[in-house]
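Asks:
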Amino acid sequence: MPSDGRSLWESIHARGAPRGRLLGRQGEVALADLAHGSSLGGRLEELRGRTVVLVAKDQLAAGLALIELDGVARRMVLCPPDLSLQHLPGVIRGAEADAAVRDAAAAGAEEIGLPLTITARAELSGPVAPRRRTHLTEWILLTSGTTGAPKLVLHTLESLTSALTNEEAPQPPPTWSTFYDIRRYGGLQIFLRGVHAGSLVLSDPAEDVRDFLARAGAAGVTHISGTPSHWRKALMSGVTARIAPRYVRLSGEIADQAVLDGLKAAYPGAIVAHAFASSEAGVAFEVRDGHAGFPKALLGAGGRTELRVVEETLQIRSPGTAQRYLGEGAEALRGADGFVDTGDRVEERAGRYYFMGRRGGVINVGGLKVHPEEVETVINAHPWVRMSLVKARRNPITGAVVTADVVLKDEAPGRPAPEIVMRELTECCKRTLPSHKVPAMIRFVPALEVSPSGKLVRPSA
Amino acid sequence: MSVRSTITSQFQQVAIEQERNLSPLSDDLKLVQSGLDSLSFAIIVARLEDALGIDPFNSTEALEFPVTFGDFVRLYENFAK
Numbered sequence: 057m058p059s060d061g062r063s064l065w066e067s068i069h070a071r072g073a074p075r076g077r078l079l080g081r082q083g084e085v086a087l088a089d090l091a092h093g094s095s096l097g098g099r100l101e102e103l104r105g106r107t108v109v110l111v112a113k114d115q116l117a118a119g120l121a122l123i124e125l126d127g128v129a130r131r132m133v134l135c136p137p138d139l140s141l142q143h144l145p146g147v148i149r150g151a152e153a154d155a156a157v158r159d160a161a162a163a164g165a166e167e168i169g170l171p172l173t174i175t176a177r178a179e180l181s182g183p184v185a186p187r188r189r190t191h192l193t194e195w196i197l198l199t200s201g202t203t204g205a206p207k208l209v210l211h212t213l214e215s216l217t218s219a220l221t222n223e224e225a226p227q228p229p230p231t232w233s234t235f236y237d238i239r240r241y242g243g244l245q246i247f248l249r250g251v252h253a254g255s256l257v258l259s260d261p262a263e264d265v266r267d268f269l270a271r272a273g274a275a276g277v278t279h280i281s282g283t284p285s286h287w288r289k290a291l292m293s294g295v296t297a298r299i300a301p302r303y304v305r306l307s308g309e310i311a312d313q314a315v316l317d318g319l320k321a322a323y324p325g326a327i328v329a330h331a332f333a334s335s336e337a338g339v340a341f342e343v344r345d346g347h348a349g350f351p352k353a354l355l356g357a358g359g360r361t362e363l364r365v366v367e368e369t370l371q372i373r374s375p376g377t378a379q380r381y382l383g384e385g386a387e388a389l390r391g392a393d394g395f396v397d398t399g400d401r402v403e404e405r406a407g408r409y410y411f412m413g414r415r416g417g418v419i420n421v422g423g424l425k426v427h428p429e430e431v432e433t434v435i436n437a438h439p440w441v442r443m444s445l446v447k448a449r450r451n452p453i454t455g456a457v458v459t460a461d462v463v464l465k466d467e468a469p470g471r472p473a474p475e476i477v478m479r480e481l482t483e484c485c486k487r488t489l490p491s492h493k494v495p496a497m498i499r500f501v502p503a504l505e506v507s508p509s510g511k512l513v514r515p516s517a
Numbered sequence: 564m565s566v567r568s569t570i571t572s573q574f575q576q577v578a579i580e581q582e583r584n585l586s587p588l589s590d591d592l593k594l595v596q597s598g599l600d601s602l603s604f605a606i607i608v609a610r611l612e613d614a615l616g617i618d619p620f621n622s623t624e625a626l627e628f629p630v631t632f633g634d635f636v637r638l639y640e641n642f643a644k
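Protein sequences appear in the order of chains A and B.
Sequential numbering of the first sequence, starting at 57, is according to my numbering.
Sequential numbering of the second sequence, starting at 564, is according to my numbering.
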């Protein structure tokens, strides 16, 4: 439910003591036990009114600290576990942090250099003072900037929970899980849903996808989210049957028809939904009709989230958008009229908008523009392709040509020889794309790199 | 395979893929009259870089842009030496 000015602690108690659990890879904590125990070793009060950087490897420790700090800290900065130490001083400066919460595993955290550093644990110890709210805590999320240094995006619990509904949680209560780290926007959305209703199974970057799905399955996961790249990896793992979810969500990247169809086939009884969300724009909408793209009718549909397309780019205004970027000389996050420019290009075809990739990621082939994602969509539609990465290759003739790295599905009866797949891919691209968009070279690769945020690693433009 | 035969087969292959009507390849054939467009040449150059490990168009030395098929072959042959 939306926080309505409450702290996270108050909000998750709005319907009585929480009955859910947070399940990490190593251990678990019942949310109700936070009433008489703390992950911060009895030192929470020292952080009241402070600006806290939260640097933890362990998601369970981080999740507990978030619940405890909201309403207490002036501001908290959610550092994802892969945040480069070289960027930490800039983050501390930009956020004006004066305290740190770290866990034992956070490498190099002893060099944070803040006067107050408190250790968070993935287990509770008591006693704790009665929890009280004194601050409307600012939540700072980090997103990658074009220069490599992260940008600091300012939210409140109110904006972060604006997409949550006031409906009673379904019975039995859901068990949520996400491939995302909960310090990223997509993961944080699932964390907030999980702690408000039901339980949450946390992922672990060191855990094999097969083990993670087995663990989530053992916990009885019903609702699970990830990026299309996370899901392709899961589909590729061959163990999707280890979970039996009622709800499967994709966000953070373009969900093409192939991955939607793949998930629908793997989980025929589940709702397969793809959501549009970003750290800056918040959650804009969710599409449940099983088709890529979104209905044009979402524009001007009224409601609290407004969408518009300006110069082929999606813009969003809603209570879920972030307030601003933090830091010296930070650019404006919203336009003068409150709309956030997502930088995501869309194209209308037959009453539906389709995502065409990022405005910056365009490949220029002799003056003609190619969005890698639109070529990937064609390639990924091939029944033996698991995933692909389309990129520019510098070329002395046209400036660039399009190339594709393709991961095939596992060897199985009926899979044609790679040369035949290669020919079919080329033919398929030629049939559906203008010639400059057809990859000049297709290469089969065993795997594609997926970033810690669960997205395909794209070469910087 | 020699540099020349590698180049010849790439011209033929790309012409088929790009559905171009390739003129018979002789040393005095002007590239502009070969039937290939710039995208075809872009693809040929990229594939030759993979096949031969060289990209004479991207050399630090001044490049004399080939005009005929013979120029094109010599550019690669000289660069490969």
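We put the CB at the ideal spot given by N, CA and C, even for glycine.
Values in this document were obtained by computation on a predicted structure and should not be read as measured data.
In the DSSP output, which residue or residues are listed as bridge partners for A/Met44?
Replies: Any property of residue 44 of chain A remains undetermined from this structure, which presents chain A solely from 57 to 517.
Asks: Work out the CA separation of A/Asp237 and A/Ser509 for me, nearest whole Å.
Replies: The residue labelled residue 509 of chain A in the question sits at position 453 within the first sequence. The residue labelled residue 237 of chain A in the question sits at position 181 within the first sequence. If you take the alpha carbons of A/Ser509 and A/Asp237, they lie about 7 Å apart.
Asks: Just how far apart, CA to CA, sit A/Thr190 and A/Gly127?
Replies: Along the first sequence, read from residue 1 onward, the residue named residue 190 of chain A stands at position 134. Along the first sequence, read from residue 1 onward, the residue named residue 127 of chain A stands at position 71. Spanning the two alpha carbons is a distance of roughly 6 Å.
Asks: Is there a Cβ from chain B that is less than 8 Å from the Cβ of A/Val457?
Replies: What you label residue 457 of chain A is simply residue 401 of the first sequence in a count that begins at 1. It does: the Cβ of A/Val457 has a partner Cβ on chain B nearer than 8 Å.
Asks: On the criterion of 16 or more Cβ atoms from any shown chain inside 10 Å, does A/His92 qualify as buried, or is it exposed?
Replies: Translated into positions along the first sequence, residue 92 of chain A becomes position 36. The residue is exposed, with fewer than 16 neighbouring Cβ atoms inside 10 Å.
Asks: Cutting at 7 Å between CB atoms, please list the residues of its own chain near A/Asp114, excluding the five before and the five after it.
Replies: On the first sequence, position 58 is the one that residue 114 of chain A refers to. Same-chain partners within the cutoff: Gly80, Asp159, Ala161, Ala178.
Asks: Under 8 Å: do the region 442-459 of chain A and the region 567-579 of chain B share three or more Cβ pairs, one atom per stretch?
Replies: With a cut-off of 8 Å, the region 567-579 of chain B and the region 442-459 of chain A do not count as touching, because too few Cβ pairs lie within range.
Asks: Drop a sphere of 10 angstroms on the beta-carbon of A/Phe268, count the other beta-carbons inside from all chains shown, and report buried for 16 or more, exposed for fewer.
Replies: Reading the first sequence from its first residue, position 212 is the one you call residue 268 of chain A. Classification of A/Phe268: buried, given that the 10 Å Cβ count is 16 or more.
Asks: Could you check which residue in A/Asp138, A/Ala129, A/Ser181, A/His143 has the C-alpha nearest to that of A/Val157?
Replies: As a first step, residue 157 of chain A must be located in the first sequence, where it is residue number 101. For A/Val157, the nearest C-alpha among the options comes from A/Ala129.
Asks: How about A/Val277 and A/Pro301: are their beta carbons less than 8 Å apart?
Replies: Against the first sequence, residue 277 of chain A aligns to sequence position 221. Against the first sequence, residue 301 of chain A aligns to sequence position 245. In contact: A/Val277 and A/Pro301 (Cβ atoms closer than 8 Å).
Asks: Leaving aside the five residues before and after B/Ala643 along the sequence, list all residues of the same chain whose C-beta is less than 8 Å from its C-beta, in chain order.
Replies: What you label residue 643 of chain B is simply residue 80 of the second sequence in a count that begins at 1. Here the set comprises Val566, Leu615, Ile617.
Asks: List, in chain order, every chain A residue whose beta-carbon is nearer than 8 Å to that of B/Gln581.
Replies: Position 18 of the second sequence, counting from 1, holds the residue named residue 581 of chain B. Per Cβ cutoff of 8 Å: Ser491.
Asks: Taking C-beta pairs closer than 8 Å, name the residues in chain B that A/Thr482 reaches, listed in chain order.
Replies: To locate residue 482 of chain A, count along the first sequence from 1; it is residue 426. Residues of chain B passing the Cβ test: Glu580.
Asks: What span of residues does the beta strand (DSSP E) with A/Ser233 cover, start to end?
Replies: Indexing the first sequence from 1 puts residue 233 of chain A at position 177. Taken as a continuous stretch (DSSP letters only), the beta strand (DSSP E) holding A/Ser233 covers 231-234.
Asks: Hey, which unbroken runs of the alpha helix (DSSP H) at 4 residues or more fall wholly within the region 95-150 of chain A?
Replies: Runs of the alpha helix (DSSP H) inside the region 95-150 of chain A: 115-125.
Asks: CB A/Lys289 to CB A/Val506, shorter than 8 Å?
Replies: One-based indexing of the first sequence puts residue 289 of chain A at position 233. One-based indexing of the first sequence puts residue 506 of chain A at position 450. For A/Lys289 and A/Val506, yes; Cβs fall inside 8 Å.
Asks: Reducing DSSP to helix, strand and coil, say where A/Leu256 ends up.
Replies: The count along the first sequence starts at 1 and reaches residue 256 of chain A at position 200. Three-state DSSP puts A/Leu256 in a strand.
Asks: I'd like to know whether the C-beta atoms of A/Val463 and A/Leu504 end up nearer to each other than 8 Å.
Replies: Indexing the first sequence from 1 puts residue 463 of chain A at position 407. Indexing the first sequence from 1 puts residue 504 of chain A at position 448. Their beta carbons are under 8 Å apart, which means A/Val463 touches A/Leu504 by this criterion.
Asks: With 8 Å as the threshold, decide whether the Cβ of B/Ala643 is near any Cβ in chain A.
Replies: As a working note, residue 643 of chain B is residue 80 in the second sequence. B/Ala643 does not count as touching chain A.
Asks: I need the DSSP call for A/Thr202, collapsed to helix, strand or coil.
Replies: Counted from its first residue, the first sequence places residue 202 of chain A at position 146. Unreliable placement is indicated for A/Thr202, whose pLDDT of 49 sits below 50; the coordinate value is still reported in the next sentence. Coil.
Asks: Of all Cβ atoms in chain B, is any one closer than 8 Å to the Cβ of A/Thr454?
Replies: In the first sequence, counting from the first residue as 1, residue 454 of chain A sits at position 398. Yes, A/Thr454 lies at the interface with chain B (some Cβ there is under 8 Å from its Cβ).
Asks: Would you tell me roughly how many angstroms separate the C-alpha atoms of A/Glu194 and A/His286, rounded to the nearest one?
Replies: Residue mapping note: residue 194 of chain A aligns to position 138 of the first sequence, counting from 1. Residue mapping note: residue 286 of chain A aligns to position 230 of the first sequence, counting from 1. Roughly 29 Å separates the two Cα atoms.
Asks: Cβ closer than 8 Å: which chain A residues qualify as neighbours of B/Arg610?
Replies: By one-based count along the second sequence, residue 610 of chain B stands at place 47. What B/Arg610 touches in chain A: Ala496, Met497.
Asks: In the structure shown, what three-state DSSP assignment does A/Ala517 receive?
Replies: What you label residue 517 of chain A is simply residue 461 of the first sequence in a count that begins at 1. Unreliable positioning characterises A/Ala517 in this predicted model, as indicated by a pLDDT of 42, which lies under 50. The coordinate reading is nonetheless provided below. It is coil, neither helix nor strand.
Asks: Quick check: the Cα distance between A/Thr283 and A/Ala176, rounded to an integer number of angstroms?
Replies: Within the first sequence, numbered from 1, the residue matching residue 283 of chain A stands at position 227. Within the first sequence, numbered from 1, the residue matching residue 176 of chain A stands at position 120. For A/Thr283 and A/Ala176, the distance between alpha carbons rounds to 28 Å.
Asks: Between the C-alpha atoms of A/Gly423 and B/Glu580, what's the straight-line distance to the nearest angstrom?
Replies: Start at 1 with the first residue of the first sequence, and residue 423 of chain A comes out as number 367. Start at 1 with the first residue of the second sequence, and residue 580 of chain B comes out as number 17. Near 21 Å, if we compare the C-alpha coordinates of B/Glu580 and A/Gly423.
Asks: Just mark A/Met412 as buried or exposed, buried being the case when its beta carbon has 16 or more other beta carbons within 10 Å.
Replies: Counting from one through the first sequence, the residue named residue 412 of chain A turns up at place 356. Answer is buried; the Cβ neighbour count reaches 16.
Asks: Would the beta-carbon of A/His211 fall within 8 Å of that of A/Leu197?
Replies: For the purposes of this step, residue 211 of chain A is taken as the residue at position 155 of the first sequence. For the purposes of this step, residue 197 of chain A is taken as the residue at position 141 of the first sequence. A contact, by the Cβ cut-off of 8 Å.
Asks: How far does the beta strand (DSSP E) with A/Asp158 in it extend, from its first residue to its last?
Replies: Translated into the one-based positions of the first sequence, residue 158 of chain A becomes position 102. Just to set this straight, residue 158 of chain A is Arg in the shown sequence, not Asp. Looking at the DSSP string, the run of the beta strand (DSSP E) that includes A/Arg158 is 155-158.
Asks: Taking C-alpha atoms, which residue in A/Val494, A/Ala468, A/Glu467, A/Lys465 lies nearest to A/Arg479?
Replies: Taking the first sequence and counting its residues from 1, one reaches residue 479 of chain A at position 423. Measuring from the Cα of A/Arg479, the nearest candidate turns out to be A/Val494.
Asks: Against chain B, which members of the region 424-456 of chain A pass a CB distance test of less than 7 Å?
Replies: Hits within the stretch, in order: Arg449, Asn451, Pro452, Ile453, Thr454.
Asks: Measure from the alpha carbon of A/Lys207 to the alpha carbon of each residue in A/Ala262, A/Arg149, A/Phe235, then state which is nearest.
Replies: To locate residue 207 of chain A, count along the first sequence from 1; it is residue 151. Closest by alpha carbon: A/Arg149.
Asks: How about B/Phe621: is its C-beta nearer than 8 Å to some C-beta of chain A?
Replies: Locating residue 621 of chain B in the second sequence gives position 58, where the first residue counts as 1. Position check: residue 621 of chain B holds Asn in this sequence, whereas Phe was assumed. It does: the Cβ of B/Asn621 has a partner Cβ on chain A nearer than 8 Å.
Asks: Any Cβ of chain A within less than 8 Å of the Cβ of B/Ser605?
Replies: Taking the first residue of the second sequence as position 1, residue 605 of chain B is located at position 42. Checking the displayed sequence, the identity of residue 605 of chain B turns out to be Ala instead of Ser. Closer than 8 Å: yes.
Asks: Starting from B/Gln575, trace the alpha helix (DSSP H) in both directions and tell me its first and last residue.
Replies: The residue labelled residue 575 of chain B in the question sits at position 12 within the second sequence. Start and end: 566-580.
Asks: Name the chain A residues that come within less than 8 Å of B/Asp618, Cβ to Cβ?
Replies: Within the second sequence, residue 618 of chain B is the residue found at index 55, counting from 1. Under the 8 Å cutoff, chain A gives Pro452.
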